[in-house]
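Okay, structure first, notes after.
Protein chains: 2
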Amino acid sequence: MPKPDVDPTVSLDLSVDRSSPVPLYFQLSQQLEAAIEHGNLTPGSLLGNEIELAARLGLSRPTVRQAIQSLVDKGLLVRRRGVGTQVVHSQVKRPLELSSLYDDLEAAGQRPATKVLVNTVLPASAAVAAALGVPEGGDVHRVERLRLAHGEPMAYLVNHLPTGLLDLGTEQLEATGLYRLMRSAGITLHSARQSIGARSATAAEAERLAEAEGAPLLTMQRTTFDDTGRAVEFGDHIYRPTRYSFEFQLLVRP
Amino acid sequence: MPKPDVDPTVSLDLSVDRSSPVPLYFQLSQQLEAAIEHGNLTPGSLLGNEIELAARLGLSRPTVRQAIQSLVDKGLLVRRRGVGTQVVHSQVKRPLELSSLYDDLEAAGQRPATKVLVNTVLPASAAVAAALGVPEGGDVHRVERLRLAHGEPMAYLVNHLPTGLLDLGTEQLEATGLYRLMRSAGITLHSARQSIGARSATAAEAERLAEAEGAPLLTMQRTTFDDTGRAVEFGDHIYRPTRYSFEFQLLVRP
DNA sequence: GTAGTCCGATTGTCCGGACATACGCATTGA
DNA sequence: TCAATGCGTATGTCCGGACAATCGGACTAC
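And the structure:
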């Protein structure tokens, strides 16, 4: 007598298209992720063993494992040797990516706007030169922007970039975020070093952000590197804490 | 005539111990990571192809790939199809893990101290109940701690935990961090949801942290989940921004 | 001289199998 | 009654091979 079927993936209508250029493991991981997202795979449920899943889909076990592993890395699944793979009791949304404020606001349904206050080239100060790894006094771009949401000022952004990487049109800067511009210029972002702190607003800062002098501000400094290790951007940002806070999810790596 | 040898890994004295219980791919990735750390593999240098490396070590290509992949995930290496694998021009230290303030301070050479102000069990407020996923009014632990470094107050930490997970001895809380206690109680931390902001200090907060009333404070709220998805901790922390800021590195996931 | 094409090199994907290891549970033993 | 043992099951590790996709440079054609 066959044991009762409790594998939730059998009722999931999983399938792969071998003629597609999309890798098989990726097709599978996307379908599993969608099933988790839509509640077809309920949190806590066991996934049924890899061997059988591979056989049912006509895939090899390494391919199935690769699909599952990618979801484990995303924090959606947990594997236990001798037990099985089960869906994490979610709460997981997105595990913190290198996001631009512009994209964040847009995704949140706030309509972001940007006002470019300064867009020029000038000699690098000592701090900027050190952060970007360029000679002090050498030319760098300097961009100062005011970011608004629903017409209200939300952040004041100062960025320095090495020259020669991309053209910074003021119109483009007002239409989208800096990261999107860099990506479309062929720069592949790799990592960033961030520092988040707080301090009181100076008189000038207070006026720009429509806050009172001495009001608490949220500060963020960030240096971004591309995959060759070059620093491609150094940002010094201040945010109004009543309007913005940093929200993110992070995973414990085992 | 053989082509000139430019593979930097040949002079690296890599070797694996097949009698060790440590997985082969892990042995290899650790040796490569150490070589990068010590400068024996210079940033930007190409790694020589996987096939040859596998042959030289007496390993299969999948095993070598697994080792390399783990370092790619850490941000230390970059792969390019048709080109090779090269060492990232570093700056990478650690890609943001779920760290406790206590461990951070200890690692930074500051000698952390903890003063437990409150350690009790009480009915959950609505906010705490919602964060922990327990019924409102049910029992929860409440811990209030003052964290000091070099005798100076640095942060004020309020934590709520479900009852029944672990015993919270005041002595233990003063000797180490909360996360270390949870891990040693057999709880496997999985993910956390964080929110970082800023606001002005109330009179009571100012006194506890030796700041002026209205001084800017850095705030962090965090809910931590174990691998079954249960919320195991809810923290509401305030930091003195003149003494502490959040520093971390993050990777762009491709 | 310039643009397009071909080709070698290298990683990306996938397969089918083998054995090791750890967990949970039932059985056995004191 | 309770602890120790054994067993089934699932994931973890590893192998050797095969073909595809892409990059960069050399070569060729215009």
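Taken in sequence, the protein lines are chains A and B. Per the working numbering, residue 1 is the first one in the first sequence, and the count goes up by one each step. Per the working numbering, residue 1001 is the first one in the second sequence, and the count goes up by one each step. Glycine included, every Cβ here is placed at the ideal spot set by N, Cα and C. No experiment lies behind these values; they were computed from the predicted model shown.
Beta bridge pairing from DSSP links A/Ala-113 with A/Leu-148. With a cutoff of 8 Å on beta-carbon distance, A/Arg-61 and A/Ile-68 are scored as not near each other.
Taken through DSSP and simplified to helix, strand or coil, A/Arg-180 comes out as helix. Runs of the alpha helix (DSSP H) spanning 4 or more residues and lying entirely within the stretch 161 to 233 of chain A occur at 170 to 175, 178 to 184 and 203 to 209, in chain order. At a cut-off of 8 Å between C-beta atoms, A/Val-252 counts as an interface residue with respect to chain B. Taking 8 Å as the CB threshold, B/Gly-1048 stays off the interface with chain A. Measuring C-alpha to C-alpha distances from B/Leu-1053 to each of B/Gly-1084, B/Leu-1161, B/Gly-1044 and B/Met-1182 identifies B/Gly-1084 as the nearest. Using a 10 angstroms sphere on the CB of B/Asp-1227, the tally of other CB atoms reaches 16 or more, which defines it as buried. Its chain contains Val-87, Val-88, His-89 and Ser-90 as the residues whose beta carbon lies nearer than 7 Å to that of A/Pro-43, once the 5 sequence neighbours on both sides are disregarded; these appear in chain order.
In the DSSP assignment, the residues bridged to A/Arg-142 are A/Thr-120 and A/His-160.
Identification of residues in the stretch 190 to 204 of chain A having a C-beta nearer than 9 Å to some C-beta of chain B yields His-190, Ser-191, Ala-192, Arg-193, Gln-194, Ser-195, Ile-196, Gly-197, Ala-198, Arg-199, Ser-200 and Ala-201, given in sequence order. Linking A/Thr-170 to A/Leu-181 through their CA atoms gives a straight-line distance of about 12 Å.
A/Thr-63 has its alpha-carbon roughly 11 Å from the corresponding atom of A/Ala-55. Distance from the Cα of B/Ser-1195 is smallest, within the candidate group B/Tyr-1179, B/Thr-1223, B/Ala-1215 and B/Glu-1211, for B/Thr-1223.
Three or more Cβ pairs closer than 8 Å define a contact, and the stretch 1185 to 1194 of chain B falls short of that threshold against the stretch 203 to 219 of chain A. Taking the Cβ atoms as the reference, B/Phe-1225 lies roughly 11 Å from B/Ala-1131, outside the contact range of under 8 Å. Under DSSP, the beta-bridge partners assigned to A/Gly-84 are A/Arg-80. Excluding residues up to 5 positions away in sequence, Ala-149 and His-150 lie with their Cβ nearer than 8 Å to the Cβ of A/Gln-110 in the same chain. Bounds of the beta strand (DSSP E) holding A/Glu-247 are 246 to 251. Chain A has no Cβ within less than 8 Å of the Cβ of B/Thr-1176. Residue pairing by DSSP places B/Ala-1155 opposite B/Arg-1147 and B/Tyr-1239 in a beta bridge. The beta carbon of B/Phe-1248 falls within 8 Å of a beta carbon belonging to chain A, placing the residue at that interface. Taking A/Val-121 as reference, the option from A/Ala-108, A/Glu-144, A/Lys-115 and A/Ala-155 with the minimal CA-CA separation is A/Glu-144.
Counting C-beta atoms within 10 angstroms of its own C-beta, B/Ala-1192 has 16 or more neighbours from the protein chains shown and is therefore classed as buried.
Under the Cβ criterion of 8 Å, A/Thr-228 is counted among the residues facing chain B.
The closest CA to that of B/Val-1128, considering only B/Thr-1163, B/Gly-1048, B/Arg-1253 and B/Asn-1049, is found on B/Thr-1163. Proximity of A/Val-128 to chain B, defined by a Cβ-Cβ separation below 8 Å, is not satisfied.
At a cut-off of 8 Å between C-beta atoms, A/Ser-245 counts as an interface residue with respect to chain B.
Annotation: B/Gln-1172 to B/Pro-1112 spans about 14 Å, alpha carbon to alpha carbon. Counting only Cβ-Cβ distances below 9 Å, B/Leu-1101 has no contacts in chain A at all, with the closest Cβ about 14 Å away. In the three-state reduction of the DSSP assignment, A/Leu-46 falls in the strand class, which pools E and B. For B/His-1089, the nearest CB of chain A lies under 8 Å from its own CB, placing it at the interface with that chain. Collapsing the DSSP output to three states places B/Ser-1070 in a helix. Pairing B/His-1160 with B/Arg-1199, the inter-Cα distance amounts to about 21 Å.
One Cα belongs to B/Gly-1133, the other to B/Gly-1039, and the distance between them is close to 48 Å. Nearest in C-alpha terms to A/Thr-242, of all of A/Phe-248, A/Arg-230 and A/Ala-212, is A/Ala-212.
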